[in-house]
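In what follows, a single structure is set out as structure tokens and then discussed.
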DNA sequence: CTGAAAGCGCTTACAG
DNA sequence: CTGAAAGCGCTTACAG
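Residue numbers (the working numbering), protein chains in the order written: chain A, 9 to 332; chain B, 9 to 332.
Here it is in structure tokens:
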């Protein structure tokens, strides 16, 4: 910077002003500085800048899943990609923070609280998320309803309940009479709300026999369907709370000799890449993940700018394919 | 830090020494400092530290794919996860950098050259990668052979050619006589080397009729198989250079009324999650992605420590499932 | 083993 | 519009 100042014939203070918005810099000085920067190949030292501004221009993307399962979830990719791009548009960088184990949480907590980042995007499905309590004073936006923290935390979520209603209604409209469901884990917002949406539509027909609890994995979906086949063998439709589980369901139905959709209609949730990779392709509920990403970033920036935490719930969309 | 010094009754210099390895700090001082830190809740300011050490303790994970296709590739997840964890083990953080467009490359180049990171992990399949030239003087380790930069760059790769040989040999040993292949793009190491491995085994039988060029996408695999069906309708086996393409191949074969593996055996490459999600499950070549991740991090740390660039090639493994 | 001091490279009131 | 100066919070020879 000293060199640039010398070449441009101005003081370092003026260089700094030119670099930061150009307020109070004469056109002449501006031009000289520009030329001097090009000539010297100068780049600002981010640490020196951060030291005084107290801003790092980076955001933590915290993955707080005990099993680190999110890494197998195709939704995660879209979210990560979306957030990275949305942040980049504002010249913010994303740093990955995996907080699976207690030790990880500790490390991530120290990192985040240590002033490395200006805020955090929190991605986790389970409630009672222990990392939240370790993050003190830093702006946070959660992805999905943060069960148990709805009040304090900003978050962006898809309309899980509404989406579940859409799908269940669709299955009934197609003439299905016994619509079972495979849920997500009961300690996840999707697990709770997608089940609630199903109940909304079935009303008095929502018997417990028709409910199997899944775990958002393919194998879990497979196993859950087998349980349903035992408790409600007459079922002719299943609303499965995630596409990945629905893929397992499809396999289980095949083994059981039930055709999809002829014998059993299967409706998924997510519209993740697996939806089109399985056979038959899944009729499902699309979560607007890209939109969720950009909204998360918007909310986080607002938070950093001192605005109060906000919540955004985004509508879902029914995608018709072959499984129902 | 001033506060801690006051509470512990020592100078800031001593605190700093205690924080950085504890060299030349008496046990008494050490204990007092520890207590003072706990009492005050002190955390070091990373920017101040980086300003003097010239180290940021963070590494860029650069995704340099024109189409940003890597985000749809399940291999990518494993790699990202593996790298994040391997870095975490050394208290290094990973920052995502997407360099798809020219504008992105510019941004990432400025970021990386600006001293934000201590090194970079470069993930990209295509050669002639323009970002490489923008990264000056910073330690880099590439994932996969960086075509055109093999000499200067450190990299970690799976043994593509050897793996292709394994698979082709396997198909022949199973009694298949006309083994076609669907390749990756010719400007990617996998595209080149997996084809070479196939040629190694087929020798004089490696007719161009049996080769279709793919693009590592599902649809590309589908289309490529259709071309093979036209140029070599008698084929009874296909070695497909990626599992994702193999998934497309399976779909195309189904439409063509050819049974897998009875009529046509299909061998994939990667052992990515799709391999087990398709029907029939893919016989494939496993790339040791986790191992690749840890090796990349090891090499990068060595590089940062001033050692010369090294190359590591890791063996692959044949995974037998149902498609061949 | 310890403290005083210089210095890392910026930004930002402040006075002009 | 501009420059001189203070200060951001650390680390690291240096002298003791």
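Heads up, the beta-carbon is just placed ideally off N, CA and C, and yes, glycines get one too.
query	result
Environment of residue 39 of chain A [buried if 16+ CB atoms lie within 10 Å]	exposed
Unbroken stretches of the alpha helix (DSSP H), 4 residues or longer, contained in the region 120-207 of chain A	139-142, 168-181
Given residue 195 of chain B as reference, the closest of B/323, B/160, B/73 once Cα atoms are compared	B/73
Interface residues of chain B facing residue 134 of chain A [CB-CB closer than 7 Å]	Within chain B, no residue comes near residue 134 of chain A; the closest Cβ sits about 18 Å away, beyond 7 Å.
Beta-carbon neighbours of residue 117 of chain B, restricted to chain A and to distances below 8 Å	The contacting residues do not exist; residue 117 of chain B stays about 10 Å from chain A at best.
Members of the region 85-101 of chain B near chain A, C-beta cut-off 8 Å	85, 86, 88, 89, 92, 93, 96, 99, 101
Among B/322, B/187, B/239, nearest to residue 275 of chain B - alpha-carbon criterion	B/187
For residue 10 of chain A, the first and last residue of its enclosing alpha helix (DSSP H)	10-16
Chain B contact for residue 59 of chain A (CB, 8 Å cutoff)	yes
N- and C-terminal bounds of the alpha helix (DSSP H) containing residue 261 of chain B	251-263
Listed by chain order, chain B residues near residue 47 of chain A by CB distance under 7 Å	Here the premise fails: no neighbours, minimum Cβ distance about 17 Å.
At least three beta-carbon pairs within less than 8 Å, the region 298-315 of chain B to the region 230-242 of chain B	no
Cβ-Cβ distance between residue 26 of chain A and residue 33 of chain A below 8 Å	yes
Rounded C-alpha distance that separates residue 5 of chain A from residue 168 of chain A	Since the first and last residues shown for chain A are 9 and 332, residue 5 of chain A lies out of range.
8 Å Cβ cutoff, residue 123 of chain B in contact with chain A	yes
Proximity below 8 Å, CB of residue 332 of chain A to CB of residue 182 of chain A	yes
Beta carbon proximity, residue 104 of chain B to chain A, threshold 8 Å	yes
Residue 166 of chain B beta carbon less than 8 Å from that of residue 288 of chain B	no
Neighbour-count burial assignment, residue 124 of chain A, 16 or more Cβ in a 10 Å radius	buried
Touch test, the region 147-165 of chain B against the region 319-326 of chain B, Cβ-Cβ under 8 Å, three pairs minimum	yes
Cβ of residue 295 of chain B within 8 Å of any chain A Cβ	no
Residue 325 of chain A in three-state terms, based on DSSP	strand
Opposing strand residues paired with residue 70 of chain A [DSSP bridges]	A/105, A/130
Beta carbon of residue 47 of chain B nearer than 8 Å to that of residue 18 of chain B	no
Residue of B/251, B/271, B/57, B/67 minimising C-alpha distance to residue 172 of chain B	B/251
Contact set between residue 52 of chain A and chain B, taken where Cβ atoms lie within less than 8 Å	122
Reduced DSSP secondary structure (H/G/I, E/B, other) of residue 276 of chain A	coil
CB contact below 8 Å: residue 66 of chain B versus chain A	yes
Beta-carbon separation (whole angstroms), residue 59 of chain A vs residue 56 of chain B, contact threshold 8 Å	5 Å
With 16 other Cβ atoms within 10 Å as the buried cut-off, status of residue 51 of chain B	exposed
C-beta neighbour in chain A for residue 56 of chain B, strict 8 Å	yes
Three-state secondary structure assigned by DSSP to residue 292 of chain A	strand
Within 8 Å, strictly: CB atoms of residue 191 of chain A and residue 219 of chain A	yes
The region 283-313 of chain A: positions lying closer than 9 Å to chain B by Cβ	284, 285, 286, 287
Unbroken alpha helix (DSSP H) run spanning residue 212 of chain A, endpoints	It is not in any alpha helix (DSSP H) - residue 212 of chain A carries neither H nor E in the DSSP assignment.
N-terminal and C-terminal residue of the alpha helix (DSSP H) that residue 283 of chain B is part of	282-285
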